[in-house]
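If you're matching positions, the sequence shown starts at 259 in my numbering and goes up one per residue.
First the structure, in the form of structure tokens, and then the observations on it.
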Amino acid sequence: MGHLDHATFGWLTPVLSYVMACIGAALGLRCTVRALGSTGRSRRNWLLTAASAIGTGIWTMHFVAMLGFSVSGTDIRYDVPLTILSLLVAVVVVSAGVFAVGYSRDRGRALLLGGLTTGLGVASMHYLGMAAVRLHGDVRYDPMLVGLSVLIAVVAATAALWAALNIRSPVAVTVASLVMGAAVSSMHYTGMFAVSVRVTPAGTPLPGATAMQFIFPLAVGLGSYLFLTSAFVALSPTAGEREASASAQRPVTGVAR
Numbered sequence: 259m260g261h262l263d264h265a266t267f268g269w270l271t272p273v274l275s276y277v278m279a280c281i282g283a284a285l286g287l288r289c290t291v292r293a294l295g296s297t298g299r300s301r302r303n304w305l306l307t308a309a310s311a312i313g314t315g316i317w318t319m320h321f322v323a324m325l326g327f328s329v330s331g332t333d334i335r336y337d338v339p340l341t342i343l344s345l346l347v348a349v350v351v352v353s354a355g356v357f358a359v360g361y362s363r364d365r366g367r368a369l370l371l372g373g374l375t376t377g378l379g380v381a382s383m384h385y386l387g388m389a390a391v392r393l394h395g396d397v398r399y400d401p402m403l404v405g406l407s408v409l410i411a412v413v414a415a416t417a418a419l420w421a422a423l424n425i426r427s428p429v430a431v432t433v434a435s436l437v438m439g440a441a442v443s444s445m446h447y448t449g450m451f452a453v454s455v456r457v458t459p460a461g462t463p464l465p466g467a468t469a470m471q472f473i474f475p476l477a478v479g480l481g482s483y484l485f486l487t488s489a490f491v492a493l494s495p496t497a498g499e500r501e502a503s504a505s506a507q508r509p510v511t512g513v514a515r
């Protein structure tokens with residue numbers, strides 16, 4: 259059996275991956291709050307931004323953590339199409355959950371269905387990303403830990419959607435995003451602890467790209483997207499601020515002389 263190291267670079271990748279999950283969660287919550295206070299095209303655009311932020315944050319968290327993953331006795335490569343597909347799955351399933359909450363009149367039912375759908379989608383993203391791993395050997399999973407990781411994903415997704423519906427203040431959003439980041443990280447590492455590898459030494463080169471060739475540049479690009487989008491959301495006025503500005507600009511009529 260090959261020895262698995264989940265933190266080749268020490269605490270760097272676990273901490274950085276947690277930070278990325280928190281940023282994606284915080285941005286997604288703020289965008290959902292904006293969406294629920296908007297109508298029409300504006301609501302749709304805010305929900306799209308929220309879904310892309312949460313999905314991108316979850317995916318970036320996963321693969322930043324994977325930068326610290328190594329197995330003794332074998333190199334590791336990543337199948338590029340499968341890795342990109344895992345990103346698309348993350349964004350699409352989170353979009354389904356966010357839009358269900360954003361447009362459904364029955365918020366309770368939407369919360370349950372959206373949480374289940376999004377949680378299963380997040381778990382699918384994780385294990386699809388793991389299916390993209392190429393190494394010399396056989397990868398096996400502990401069914402109990404896999405089931406636990408899926409349960410954590412569903413609970414975390416449901417909690418995220420509940421927070422989107424019920425949390426408004428910036429302080430509460432910050433606290434919720436820290437909790438959500440911890441939940442997503444817990445799901446990832448629970449899934450990783452389910453992994454065991456039976457290494458089969460071979461002299462043939464592995465197909466795919468190394469983490470530094472593909473995962474690292476993509477994670478940096480998506481991380482930059484999260485930071486820039488966070489700045490845009492922070493600087494854009496809220497619905498209340500726009501109404502106050504419009505009221506201040508209206509001419510005063512009926513003033514007595």
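The beta carbon of each residue, even a glycine, is placed where N, CA and C say it ideally should be.
Can you check which of these residues, the options, is closest to residue i by C-alpha distance?
i	options	result
Y361	A414, L374 and R301	R301
V453	A467, H384 and A477	H384
M319	G439, G286 and I425	G439
W420	V408, L306, A434 and P428	A434
G331	H264, F474, R292 and A460	A460
V408	L345, D333 and A381	A381
T266	A469, A489 and G405	A469
I473	L374, G395 and L325	L325
W373	A418, G479, V350 and G295	According to the sequence shown, residue 373 is Gly rather than Trp. Of the candidates A418, G479, V350 and G295, the one whose C-alpha sits nearest the C-alpha of G373 is A418.
T462	G395, G481, A430 and A489	G395
G298	I342, T341 and F357	F357
A477	R426, T341 and L371	T341
V350	V429, R367, T375 and G295	T375
G295	I425, G379, A441 and L403	I425
Using a Cβ-Cβ cut-off of 6 Å (strictly less than) and excluding sequence neighbours within five positions of residue i, which residues of its own chain qualify?
i	result
G377	A411, V412 and A415
S353	A309
G387	H320 and S344
D400	A452
V455	G260, V329, G395 and V397
R292	W304
G405	none
A348	G313, I316, W317 and M383
I'd like to confirm the pairing. Which residues does DSSP put opposite residue i in its beta bridges?
i	result
S444	BP columns for S444 are empty, so no partner.
I334	L393
A467	Y336
S454	R398
S328	D263
Please go through the same chain and pick out, in chain order, the residues whose beta-carbon is closer than 8 Å to the beta-carbon of residue i, but skip the five residues on each side of it.
i	result
L484	M278, I281, G282, L285, A311, T314, G315 and T318
A323	H264, T271, P272, S275, S443, H446, Y447 and M450
L369	V359, T416, L419, W420 and L423
Spatial neighbours of residue i within its chain, please: CB distance less than 7 Å, with the 5 preceding and 5 following residues excluded, ordered by chain position.
i	result
A504	Bear in mind that a pLDDT of 48 at A504, under 50, signals an unreliable position, so the number given afterwards is only what the model happens to contain. Within the same chain, A504 has no close Cβ partners at all.
W269	none
G466	R335, Y336, D337, V338 and R392
C289	W304, T307, A308, A311 and V491
A514	Annotation note: pLDDT 49 at A514 (below 50); position unreliable, coordinate value reported separately. So the list is empty, once near-sequence residues are dropped.
Complete alpha helix (DSSP H) runs within the stretch 389-438 (minimum length 4 residues, chain order): 401-424
Counting pairs of Cβ atoms below 8 Å between the stretch 319-328 and the stretch 270-282, do you hit three or more? yes
Taking 8 Å as the threshold, find out whether the stretch 328-343 comes into contact with the stretch 391-406 through three or more Cβ pairs. yes
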